[in-house]
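Q:
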Amino acid sequence: MRIVRTRSGHPVEVRAAEPADAPALLAYFQRVGAESPHLTFGAEGVELTEAEEHAYIARTRNLENVLFLVAVMGGELVGSLTFTGGPRPRNRHTGEFGVSVAQPYWGEGVGRALVEEMLEWAVAGGIIRKIDLRVRTDNARAIALYERLGFTVEGRMTRTLLTDGRFHDSFLMGRQVDPVP
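Sequential numbering from 303 applies to the sequence shown in this note's numbering.
#1: If you draw a straight line from the alpha carbon of threonine 462 to that of phenylalanine 469, how long is it in whole angstroms?
#2: Excluding the 5 residues preceding and the 5 following phenylalanine 385 in the sequence, name in chain order all residues of the same chain whose CB lies nearer than 6 Å to its CB.
#3: Counting only the same chain and skipping the five closest in sequence on each side, list residues whose C-beta sits under 6 Å from that of phenylalanine 331.
#4: Counting only the same chain and skipping the five closest in sequence on each side, list residues whose C-beta sits under 6 Å from that of phenylalanine 343.
#5: Please determine, among Arg443, Gly387, Gly381, Gly376, the residue with the shortest C-alpha to C-alpha distance to asparagine 367.
#6: Taking buried to mean at least 16 other C-beta atoms within 10 Å of its own C-beta, is aspartate 323 buried or exposed?
#7: List the whole-angstrom C-beta distance separating arginine 309 from glutamate 410, where the pair is believed to meet the contact cut-off of C-beta under 8 Å.
#8: State the DSSP-derived secondary structure class of methionine 420, mapped to helix, strand or coil.
#9: Quick check for students: name the residue ranges of the alpha helix (DSSP H) that lie wholly in the region 319 to 371, counting only runs of 4 or more.
#10: Sort Gly427, Pro406, Val401, Arg443 by Cα distance to aspartate 434 and report the nearest one.
#11: What's the gap between the Cα of glycine 476 and the Cα of asparagine 393?
#12: Using DSSP's beta-bridge definition, name the partner residues of glutamate 378.
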């Protein structure tokens with residue numbers, strides 16, 4: 303866990319998700335799904351029951367190549383990040399993450415804080431050696447953030463998202479991670 307300050311000076315707690323966060327997370331996912339066209343879900347959220355979300359969070363806490371983070375400001379959930387590593391010996395060193403931030407906090411550094419926490423976790427753990435992500439090609443703000451954090455575009459995937467009847471392409475971006483010796 304760490305406390306960071308937003309660009310406007312407000313403290314944000316970045317920490318591992320806890321099973322007790324399940325109800326707040328489900329409401330948060332519905333909120334950000336309605337706010338952003340860039341996510342893989344809309345206002346319906348992630349379509350899990352509270353019990354399913356609770357169980358998922360509990361499972362993530364026991365896996366060494368899976369991470370679920372939340373960002374909390376003044377008791378309100380304002381961001382989340384999930385990283386899932388490969389399930390088999392040959393790919394457990396790599397994985398993909400997704401991050402979201404509530405719209406009022408876009409540009410405040412919440413997404414950056416979540417990604418930086420994930421990168422620190424990956425380096426410290428020594429298991430994750432490659433981190434991937436997918437981002438819509440028209441999400442310039444997110445692409446710029448990922449590039450500042452060392453990610454590079456490795457490919458383009460066509461028609462990956464369908465929003466309001468239109469297909470959108472995504473970039474596959476990646477970054478190598480080397481543990482501290």
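Here a beta-carbon is modelled for each residue, glycine too, at the ideal position from N, C-alpha and C.
A: Well, looking at it:
#1: Counting only the Cα atoms, phenylalanine 469 lies some 7 Å from threonine 462.
#2: Leu369, Gly397, Phe399, Met420
#3: Gly347, Val348
#4: Gly335
#5: Among Arg443, Gly387, Gly381, Gly376, the Cα nearest to that of asparagine 367 belongs to Gly387.
#6: buried
#7: 5 Å
#8: Three-state result, methionine 420: helix.
#9: 324 to 337, 352 to 362
#10: Val401
#11: Answer to the nearest angstrom: the Cα atoms are 15 Å apart.
#12: Met375
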